[in-house]
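Numbering (the numbering used here), first residue to last: 3 to 94.
Just so it is clear, CB atoms sit at the ideal spot from N, CA and C, and this is done for glycine as well.
Some notes on the structure that comes next.
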C-alpha cells in the first residue's frame, strides 16, 4: 500500500515530462521550419538547420540564468541584441 502513492507520483512526473518534451519539440520544429523556409527562399544562408536551431534556442534559454534586472541592458534591449546576432548569422 505504501508504494501506491509513489507509483502515482511517478506516473504524474512521467506525464509532465512528456508534456514538457512535446512543447519543446513543437517549438524546435517551428523554428526549424522558419529557418529552412528562409534558406529555401534564398533569404537565409545555408546553415545546418538542427544545429542552428538548437544553438538559437539554447542561447535564448540561457538568458534566464544570467540576466539580472537593473543591469546594463533591459530585457527588450537584450532580445533585440540576440535577434540581431542570429539574423546576421543567417544573412546570405
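>> Starting from residue 86, trace the alpha helix (DSSP H) in both directions and tell me its first and last residue.
In response: Here the alpha helix (DSSP H) through residue 86 covers 77–92.
> Can you list, in chain order, the residues of its chain whose CB lies under 7 Å from that of residue 44, leaving out five sequence neighbours each side?
Replying inline: For residue 44, same chain residues with a beta-carbon under 7 Å away, outside a window of 5 residues either side, are 94 in chain order.
> Rounded to the nearest angstrom, how far is the Cβ of residue 46 from that of residue 40, given a contact under 8 Å?
Replying inline: That belief holds up - the Cβ atoms of residue 46 and residue 40 are roughly 3 Å apart, short of 8 Å.
> Could you give the C-beta distance for residue 37 and residue 54, rounded to a whole number, given that I count them as a contact under 8 Å?
Replying inline: Sure, about 6 Å apart at Cβ, within 8 Å.
> Taking DSSP as the reference, what is the three-state secondary structure of residue 40?
Replying inline: Under the three-state reduction of DSSP, residue 40 is assigned to helix.
> Quick one: what's got a C-beta closer than 8 Å to residue 85's C-beta in the same chain, skipping five residues either side?
Replying inline: The beta carbon of residue 85 lies closer than 8 Å to none in the same chain, with the five residues before and after it left out.
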